[in-house]
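Asker: One structure coming up, written as structure tokens, with questions to follow.
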Amino acid sequence: MTNTVLQAESLSKSYHGLQAVKNLTMAVLEGEVFGFLGPNGAGKTTTINMLCGLLRPDSGRVLLHGTPLSGGDERLKALVGVCPQNIVLWERLTCLEQLVFIGQMYGLSAGLARQNGLRLLAELDLEEKRDKLARTLSGGMQRRLNVAMALVHDPQIVVLDEPEAGLDPQSRVKVREYIQSLARRKTVILTTHNMDEADRLADRVAIIDHGELLVLDTPELLKQRVGEGDVLEIHLNNGLTGVETAQKALHSLASEVSLDLTSQVLRVRSLNAVGRLADILEALSAAGFKPGQVNLHANTLEDVFIQLTGRRLRE
Amino acid sequence: MNLTKILLVARKNLLEIMREPVLLGFTLLMPAFFMVINYIGYGASPKTATYPIWIMQNTPQADTLIARLRAERYADGRPAYDLIFTRDHAAAEAALVEKRAAALLVFDEDTSGQVFVTMRGDALNMAFTRASVQIEAALVPLLEDAQGKPRLLVVSMQPLGLARPLSDFDAYTPGMMVFALLMLIPQTAMLVARELRLGTLRRLQLTLLKPAELLAGVSLAQMFFAVIQVLLMLVTALLFGFHNRGSLPLALGIGLVLSFSSIGMGLVVACFVRNDTDALNTGSVASMLQVFMSGAFFPMTVPAVFTLLGHQISPFDFLPATHGMLALQQVLTGGAGLEKVAFRLAAATLLSVLYFLLGVWIFTRRQRVYSK
């Protein structure tokens, strides 16, 4: 998973004087699930459209397997499958009809398109609905068919825009498992507002805001590096109340230390607290505390996201 | 252009429309329904109608003139006038207002004993304008003879070139066909706009399908329905007694050329709308404007701008519907053959191709995938 499939080099794009993407450089690796996160209006869609050859950058360039893309490159169309956030189906075509039709529009023969369509319907638990009109399917089934439509021509790169939006838990699990099954076989670019989804699925996550790339790393490393940190709740067995002593003992290990006097719980906040747990407990013991039960509230990707993009509501 | 993809797009569109009963019914039956309305409205009112003429005879010397009117008959033997005698002037005036009378004729004599006739009527009543010319043609020679005057004006009226009387239903049938085919403009625009609204157009743009192939496929499906529409309209018209005087295959060909131009214009409209409702509204406006400008219902008198191959060309001649309308009229009601309508048919075909290409060009520019 080290080959670069898509590479953005200093991409910039403006709309009517508004800078949508600013000098963005990043690379998507072959076979990875690439989480692309950002608030509304952050520049995600613009970036994705430029990466997929759908939009011409004002400056910068996109490289596909190291080769620069020219305007409207037809090569890329066959290599990319896009699953839009909205359900985009022909309401009065059956599931199989639309899969075969769209496959043929990508240049597949009728036989291969049908074969791929049937396989996808089976993989996404839609086999029984193959001859049903799309308009008669439930919302969850329509969204699964929406995913299948992006894959029928067997693309190398799959762009999934909010694939779990509006799904019931069963369908969400099904789609999530399917995306996981795609990993390694295909390169998946996943845009989502669901941080839990990104955390579970993405090998690497890029967070963008105001058109600028803020961070790009694995979810684990981001959670260790960015945010307010993990929270450890340590029950103290010897009833000590010296919070200043605790703060002094944990000075180099924790960003925040507080003590709940009624329940004798010492609350310690620190980035990568889990990794430092042994050091923290040792420092507390050395300072005369007797740590008991420890509860952990881990730093989440959502904490990382909010830390980077702020709490201000976006349009 | 990939023919297979064009056929696949056409098949998809046909499947979608055939699975939508309301749209299918609207597409196929509405034109034939227009023809039924045409019959209901005009089928019983032949152009050579028996006009109700109210008479106030104030002198017995008018007997000869009235007898002449009573004797006036059309070639098929029907009387030209239904003469209604009255002495109540107010009632006669009311009949004119209510269009129960096409004209009121008052026969008087002057102090020298000479008969003179006063003809009254509603200038906005088409029956009056037609009947008055016929009455004038019948009575003026008699009045001139009675006064010993030479003939100053000879009026000769007959439906030239027509073996049978031309009814309003016959006269309006070509226009009704043009009207129905112009409705393909909003229909085509709606089909494309729906793909835009649902996002399926974007999905297609992501594939290897070219915009021209997409539009050709949409047009092919529409042409399929257009053939059925034209056939149904012709059959309906014939069933309701339309007196066809020309070649039906030629009329069908003209109808298809008109359909093609409407589809092209529908594509142009689709380039400027965001959804089905916009397409319906904008397409209907474009359609209705052309109904009027082509003279489908009312002949338009527009000054010529230049002459081409002996034909005076007015601004409205840049619409395929204008040529299609004239060609259909000449074939269906005038019995003209291909050589007589060749110029109109060629002009309609050329303009249709131009509008179609314009639609493809604008659509491709506005909907191209790799946008700036």
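If you read the protein sequences in the order shown, they are chains A and R. Note that numbering that gives the first Met the number 0 has the first sequence beginning at 0, numbered continuously upward. Note that numbering that gives the first Met the number 0 has the second sequence beginning at 0, numbered continuously upward. Note that beta-carbon positions come from the ideal geometry of N, C-alpha and C, so glycine has one too.
From the DSSP output, read off the bridge partner residues of P56(A).
Answerer: Taking the first residue of the first sequence as 1, we reach residue 56(A) at position 57. None, per the DSSP bridge assignment.
Asker: Could you give the C-beta distance for F315(R) and L350(R), rounded to a whole number, given that I count them as a contact under 8 Å?
Answerer: By 1-based counting over the second sequence, the position of residue 315(R) is 316. By 1-based counting over the second sequence, the position of residue 350(R) is 351. Not quite, the Cβ-Cβ distance comes to about 11 Å (not below 8 Å), so this is no contact.
Asker: From the DSSP secondary-structure annotation, give me the bridge partner or partners of L104(R).
Answerer: What you label residue 104(R) is simply residue 105 of the second sequence in a count that begins at 1. Paired residue(s): I54(R), M118(R).
Asker: Give the interface partners of G198(R) over in chain A, defined as CB-CB distance under 7 Å, in chain order.
Answerer: By one-based count along the second sequence, residue 198(R) stands at place 199. Ordered by position in chain A, the residues that pass the 7 Å Cβ test against G198(R) are P83, N85, V87.
Asker: Would you kindly check if the distance between the Cβ of V177(R) and the Cβ of A346(R) is under 9 Å?
Answerer: Reading the second sequence from its first residue, position 347 is the one you call residue 346(R). Reading the second sequence from its first residue, position 178 is the one you call residue 177(R). No, the pair does not count as a contact, with Cβ atoms beyond the cut-off.
Asker: Write down the C-beta distance between K4(R) and L183(R) rounded to the nearest angstrom, noting that I regard them as a contact closer than 8 Å.
Answerer: For the purposes of this step, residue 4(R) is identified with residue 5 of the second sequence, where counting begins at 1. For the purposes of this step, residue 183(R) is identified with residue 184 of the second sequence, where counting begins at 1. K4(R) to L183(R), Cβ: 23 Å. No contact.
Asker: Helix, strand or coil for K43(A), going by three-state DSSP, please let me know.
Answerer: For the purposes of this step, residue 43(A) is taken as the residue at position 44 of the first sequence. Three-state result, K43(A): helix.
Asker: Alpha helix (DSSP H) containing T300(R): first to last residue?
Answerer: Counting from one through the second sequence, the residue named residue 300(R) turns up at place 301. Note, T300(R): premise wrong, no alpha helix (DSSP H); not H, not E.
Asker: Show which residues of chain R have a CB atom less than 7 Å away from the CB atom of K76(A).
Answerer: For this step, residue 76(A) is matched to residue 77 along the first sequence. Ordered by position in chain R, the residues that pass the 7 Å Cβ test against K76(A) are L205, T206, L207.
Asker: To the nearest angstrom, how far is it from the Cα of G245(R) to the Cα of P20(R)?
Answerer: Residue 245(R) sits at position 246 when you count from the first residue of the second sequence. Residue 20(R) sits at position 21 when you count from the first residue of the second sequence. Each residue's Cα considered, the two are about 34 Å apart.
Asker: Using DSSP's beta-bridge definition, name the partner residues of Y14(A).
Answerer: Residue mapping note: residue 14(A) aligns to position 15 of the first sequence, counting from 1. In DSSP, Y14(A) forms a bridge with L17(A).
Asker: Specify the secondary structure class of A94(R) as computed by DSSP and reduced to three states.
Answerer: Here the question's residue 94(R) lines up with position 95 in the second sequence. If DSSP states are grouped into helix, strand and coil, A94(R) belongs with the helices.
Asker: I want to see whether chain A comes within less than 9 Å of T300(R), judged by CB atoms only; does it?
Answerer: Position 301 of the second sequence holds residue 300(R). Judged by the 9 Å Cβ criterion, T300(R) is not in contact with chain A.
Asker: Taking a contact to mean a Cβ-Cβ separation below 9 Å, would you say N115(A) touches G102(A) in this structure?
Answerer: Here residue 115(A) refers to the residue found at position 116 of the first sequence. Here residue 102(A) refers to the residue found at position 103 of the first sequence. Cβ atoms of N115(A) and G102(A): closer than 9 Å.
Asker: Residues in the region 10-27 of chain A with C-beta within 7 Å of chain R's C-beta atoms, listed in sequence order?
Answerer: Against chain R - using a Cβ distance shorter than 7 Å - the region 10-27 of chain A contributes no residues.
Asker: Could you please give the first and the last residue of the uninterrupted beta strand (DSSP E) stretch that includes D208(A)?
Answerer: Taking the first sequence and counting its residues from 1, one reaches residue 208(A) at position 209. Per DSSP, D208(A) belongs to the beta strand (DSSP E) from 203-208.
Asker: Taking 8 Å as the line, does the beta carbon of M104(A) fall inside it for any heavy atom of the ligand GTP?
Answerer: As for the ligand GTP, it is missing from this structure, which has no ligand bound.
Asker: For the pair the region 265-272 of chain R and the region 353-362 of chain R, tell me if three or more CB-CB distances fall below 8 Å.
Answerer: As far as the Cβ criterion goes, the region 265-272 of chain R touches the region 353-362 of chain R, which means the pair count is three or higher.
Asker: Which residue's Cα is closest to the Cα of R203(A): V27(A), H15(A), A7(A)?
Answerer: Residue numbering aside, residue 203(A) sits at position 204 when the first sequence is read from its first letter. It is V27(A) whose Cα lies nearest to the Cα of R203(A).
Asker: So does the region 132-149 of chain A actually touch the region 222-238 of chain R, counting three or more Cβ pairs closer than 8 Å?
Answerer: Taking 8 Å as the limit for Cβ pairs, the verdict is that the region 222-238 of chain R does not touch the region 132-149 of chain A.
Asker: For Y354(R), which residues from the same chain have a beta carbon less than 8 Å from its beta carbon, with the 5 sequence-adjacent residues on both sides left out?
Answerer: Sequence index remark: in the second sequence, residue 354(R) carries index 355 (1-based). Cβ neighbours of Y354(R) beyond the five flanking positions: S260, G263, M264, V267, P319.
Asker: M104(A) versus chain R: which residues are under 7 Å apart at the beta carbon?
Answerer: Sequence index remark: in the first sequence, residue 104(A) carries index 105 (1-based). The contacting residues are K4, L203, T206, L207, L208.
Asker: Grab me the residues of S381(A)'s own chain with a C-beta within less than 7 Å of its C-beta, minus the 5 sequence neighbours each way, in chain order.
Answerer: Here chain A comprises residues numbered 0 to 314, so residue 381(A) is not present and cannot be evaluated.
Asker: Can you give me, in chain order, the residues of the region 98-122 of chain A that have a beta carbon less than 7 Å from any beta carbon in chain R?
Answerer: Within the region 98-122 of chain A, the qualifying residues are F100, I101, Q103, M104, Y105, G106.
Asker: Within 9 Å (strictly less), CB to CB, does L140(A) reach chain R?
Answerer: Against the first sequence, residue 140(A) aligns to sequence position 141. Sequence check: residue 140(A) is Met here, not Leu. Not one chain R Cβ lies under 9 Å of M140(A).
Asker: Whole-angstrom Cβ separation of L205(R) and V81(A), contact assumed at under 8 Å?
Answerer: Residue mapping note: residue 205(R) aligns to position 206 of the second sequence, counting from 1. Residue mapping note: residue 81(A) aligns to position 82 of the first sequence, counting from 1. Yes, L205(R) and V81(A) are in contact; Cβ-Cβ is about 6 Å, under 8 Å.
Asker: I'd like to know if G160(R) contacts chain A, where contact means its C-beta is closer than 9 Å to some C-beta of that chain.
Answerer: Stepping through the second sequence from its first residue, residue 160(R) is reached at position 161. Model confidence at G160(R) stands at a pLDDT of 49, short of 50, so the residue's coordinates are unreliable and nothing is read from them.
Asker: How should Q179(A) be labelled, buried or exposed, when 16 other C-beta atoms within 10 angstroms of its C-beta is the threshold for buried?
Answerer: Position 180 of the first sequence, counting from 1, holds the residue named residue 179(A). By the neighbour-count rule (16 or more Cβ atoms within 10 Å), Q179(A) is not buried but exposed.
Asker: With a threshold of 9 Å between beta-carbons, can V79(A) be considered close to chain R, or not?
Answerer: Residue 79(A) sits at position 80 when you count from the first residue of the first sequence. Chain R contact via Cβ: present.
Asker: Beta-carbon separation of L195(R) and N280(R) under 9 Å?
Answerer: Position 196 of the second sequence, counting from 1, holds the residue named residue 195(R). Position 281 of the second sequence, counting from 1, holds the residue named residue 280(R). No, Cβ-Cβ distance for L195(R) and N280(R) is not below 9 Å.
Asker: How big is the Cα-Cα spacing for S269(A) and A253(A)?
Answerer: Residue 269(A) sits at position 270 when you count from the first residue of the first sequence. Residue 253(A) sits at position 254 when you count from the first residue of the first sequence. Near 5 Å, if we compare the C-alpha coordinates of A253(A) and S269(A).
Asker: May I have the straight-line CA-CA distance separating G65(A) from T276(R), to the nearest angstrom?
Answerer: Here residue 65(A) refers to the residue found at position 66 when the first sequence is read from its first residue. Here residue 276(R) refers to the residue found at position 277 when the second sequence is read from its first residue. Cα-Cα distance, rounded: 46 Å.
Asker: Let me check understanding here. Comparing Cα to Cα, which of D302(A), F304(A), H234(A), T299(A) lies closest to L280(A)?
Answerer: Locating residue 280(A) in the first sequence gives position 281, counting from the first residue. Nearest of D302(A), F304(A), H234(A), T299(A) to L280(A), Cα basis: H234(A).
Asker: Of all the options T187(R), L331(R), I52(R), which has the alpha carbon lying nearest to the alpha carbon of T26(R)?
Answerer: If you number the second sequence from 1, residue 26(R) lands on position 27. For the residues T187(R), L331(R), I52(R), the minimum Cα distance to T26(R) belongs to T187(R).
Asker: Using the three-state DSSP reduction, which class does I86(A) fall into: helix, strand or coil?
Answerer: Counting from one through the first sequence, the residue named residue 86(A) turns up at place 87. Reduced to three states, the DSSP call for I86(A) is coil.
Asker: Hey, does K194(A) have any beta-carbon neighbour from chain R nearer than 9 Å?
Answerer: For this step, residue 194(A) is matched to residue 195 along the first sequence. The sequence as given places Met at residue 194(A); Lys does not occur at that position. So, not an interface residue.
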